[in-house]
Amino acid sequence: MNGAVARILLRYVAGALTTWGLGDQLSHDPDLVNVTATFIGVVAASGTEIFYRLAKAKGWKL
């Protein structure tokens, strides 16, 4: 395994461990849960619009 692959794997492992540790604490705050759900919805809607515009610009069949 080369150094670049090891760094990438360690980065994902560190992110997963951080998320796992903070998830329990953050899930007990209803305001934060609402803000997070809204943010995820906005990101999903924005992503859909971006891909739609990309498909129209490239002439892909919708």
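Residue numbers (the UniProt record's numbering): 1 to 62. Ideal Cβ positions, reconstructed from N, Cα and C, are used throughout, including at glycine.
Cβ pair Leu-26, Leu-17 closer than 7 Å
It is not a contact, given that the beta carbons lie outside the stated cut-off.
Ends of the alpha helix (DSSP H) at Ser-27?
First-last for Ser-27: undefined, no H or E at that position.
CB-CB under 8 Å to Trp-20, same chain, minus the five flanking residues each way: which ones, in chain order?
Result list for Trp-20: empty, nothing under 8 Å.
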